[in-house]
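**Student:** Residue numbers (this note's numbering): 5 to 258.
Quick one: the structure is below, and I'll ask about it shortly.
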């Protein structure tokens with residue numbers, strides 16, 4: 005069995021509804037998926053999607069690049085994280101892709117709030133970082149993120165960044181990007197990440213892996229990510245599936 009450790013199947017991209025998406029998961033051996041929060045505004049609808057479906061989990065948080073009507077605070081995040089289907093805090097982190105470092109003090113404060121909430125709730129973090137790896141690692145060290153751990157999602161950084169994250173007790177998750185033709189350096193990182201610290205994801209509806217690149221992504225396609233990484237590491241798909249599923253259960257206590 006495989007688990008999609010990061011997706012957004014509550015987004016309006018799935019106009020046909022959730023049932024066909026869940027059916028495709030079953031057909032491709034994907035047993036569970038984690039629906040990841042990007043805003044407090046969208047959270048109630050996402051939680052409603054997850055409730056009653058034992059193969060879906062949720063997180064709570066505000067994406068670092070999202071302008072939400074409600075800025076998160078520790079108390080709110082902890083209260084929402086108390087729901088039985090909420091297994092993580094995030095996605096959170098830093099994203100300097102659209103704005104320079106000097107202009108986003110608010111992002112760093114928001115990230116600190118999420119880390120403090122994760123520690124208070126006793127739940128792991130889902131970390132987003134883009135063009136901000138050094139600051140992301142620094143803030144995690146300053147705020148004691150290693151006390152709860154988490155995952156560096158949709159990893160695209162160097163082995164040096166991966167090793168620093170592993171030293172903080174984090175897991176590394178690879179998306180469909182690892183299958184892209186221009187991702188040779190990322191494939192080298194995937195080869196080096198220990199099997200017991202590895203997760204796979206889709207980040208659906210984005211970043212569909214080869215052979216679906218350019219199309220809308222969905223949790224069923226995490227199988228292609230897993231097959232590719234299994235080949236890179238010279239192990240069978242069964243071994244890779246078992247390892248990543250065990251890792252997910254250990255990290256998120258499911």
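Glycine residues also receive a C-beta, built at the ideal position from the N, C-alpha and C atoms.
Are the beta-carbon atoms of residue 209 and residue 12 separated by less than 9 Å?
**Tutor:** Against the chain shown, residue 209 aligns to sequence position 205. Against the chain shown, residue 12 aligns to sequence position 8. Yes, the pair counts as a contact, with Cβ atoms nearer than the cut-off.
**Student:** What is the DSSP secondary structure of residue 155, reduced to helix, strand or coil?
**Tutor:** Within the chain shown, the letter at position 151 stands for residue 155. Reduced to three states, the DSSP call for residue 155 is strand.
**Student:** Do the segment 107-114 and the segment 148-168 touch if we need at least three Cβ pairs shorter than 8 Å?
**Tutor:** Not touching, per the Cβ criterion.
**Student:** Near residue 140, what residues of its chain come up, given a Cβ to Cβ distance below 8 Å and the 5 sequence neighbours on each side ignored?
**Tutor:** Residue mapping note: residue 140 aligns to position 136 of the chain shown, counting from 1. Cβ within range, chain order: 97, 98, 115, 131 and 133.
**Student:** Do you know offhand how far residue 180's Cα is from residue 123's?
**Tutor:** Within the chain shown, the letter at position 176 stands for residue 180. Within the chain shown, the letter at position 119 stands for residue 123. Distance between the alpha carbons of residue 180 and residue 123: 30 Å.
**Student:** Using 8 Å as the cut-off, can you tell me whether the segment 63-71 makes contact with the segment 79-92, which would need three or more C-beta pairs spanning the two stretches below that distance?
**Tutor:** Because the criterion of three Cβ pairs below 8 Å is met, the segment 63-71 and the segment 79-92 touch.
**Student:** If distances are taken between C-alpha atoms only, which option among 75, 177 and 89 comes closest to residue 204?
**Tutor:** Here residue 204 corresponds to residue number 200 of the chain shown, with the count starting at 1. Ranking the options by Cα distance to residue 204, first place goes to 177.
**Student:** Leaving aside the five residues before and after residue 126 along the sequence, list all residues of the same chain whose C-beta is less than 7 Å from its C-beta, in chain order.
**Tutor:** What you label residue 126 is simply residue 122 of the chain shown in a count that begins at 1. Excluding residues within five positions, the ones whose Cβ falls inside 7 Å are 152.
**Student:** Could you tell me which residues DSSP pairs with residue 175 in its beta bridges?
**Tutor:** Here residue 175 is taken as the residue at index 171 of the chain shown, counted from 1. Residue 175 pairs with 155.
**Student:** Pull up the CB-CB distance for residue 230 and residue 26, whole angstroms please, since I reckon it's below 8 Å.
**Tutor:** What you label residue 230 is simply residue 226 of the chain shown in a count that begins at 1. What you label residue 26 is simply residue 22 of the chain shown in a count that begins at 1. At roughly 18 Å, the Cβ-Cβ gap does not stay under 8 Å, so residue 230 and residue 26 are not in contact.
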